[in-house]
Amino acid sequence: MPYFSKLIKPLLALTLAAAVLTAGQGCTQNSKAAEPQANAQPAKPGQPRTVALTVTDKGYEPSPITLEQGEPVKLVLTRTTEHTCATEIVLDEYNINTALPLNQPVEVTFTPNKTGKLVYGCAMGKMLNGVFMVE
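Heads up: the sequence shown runs through residues 995 to 1129, numbered per this note's numbering.
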């Protein structure tokens, strides 16, 4: 049994090292703290409010963002990484599933019609996600 133990410990260490090295690739859970909303532009009369979002290695940034119920919003999303599964934005409640080509701004417009937490994210079950708080 001691011989088996000597073999298993290095194998477990290698497995753990491989998991740590690959943890930054693919989907990761988005657990960012709230950030200032300097990217949100107030709406001009008759036009939607513009909100800039960037898809980075950390996910959709910034998040959360506060929106107003009934106020039209134009999201301008730019994906700047190929190292996550966030190659689109999915917002089920508004039938939005839009591809996000690398380094190209994409506009998505919708009007939040109810208050509360609105989660959006990637097409892999929103593993990588962001939050709108609709007031």
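Idealized CB from N, CA, C, for every residue including glycine.
Since this is a predicted model, take the numbers as computed values, not measurements.
Item                                                                                                                   : Value
Proximal residues to G1110 (C-beta, below 7 Å), its chain only, five neighbours per side dropped                       : V1128
Strand pairing of G1115, partner residues [DSSP]                                                                       : V1084, N1123
Beta-bridge partners of E987, as assigned by DSSP                                                                      : Any answer about residue 987 is impossible in this case: the structure gives the chain only from 995 up to 1129.
First through last residue of the beta strand (DSSP E) which encompasses E1101                                         : 1100-1104
Neighbourhood of G1064 by C-beta, 8 Å cutoff - its chain only, sequence neighbours within 5 removed                    : T1105, P1106, N1107
Cross-strand partners of L1047 (DSSP beta bridge)                                                                      : L1071
Neighbourhood of P1042 by C-beta distance below 7 Å, restricted to the same chain and skipping five residues each side : P1066, V1067, K1068, T1103
Three-state secondary structure assigned by DSSP to G1040                                                              : coil
Inter-stretch contact (C-beta, 8 Å, three-pair minimum) for the stretch 1072-1086 and the stretch 1046-1059            : yes
Closest Cα partner of K1120 within the set V1084, I1059, T1072                                                         : V1084
Whole-angstrom distance between L1112 and T1044, CA atom to CA atom                                                    : 17 Å
Sub-9 Å separation of G1053 and N1123 beta-carbons                                                                     : yes
Range of the contiguous beta strand (DSSP E) that encloses L1096                                                       : No beta strand (DSSP E) contains L1096, which DSSP labels as neither H nor E.
Residues near P1099 in its chain [Cβ-Cβ closer than 8 Å; skip 5 each side]                                             : V1070, L1071, T1072
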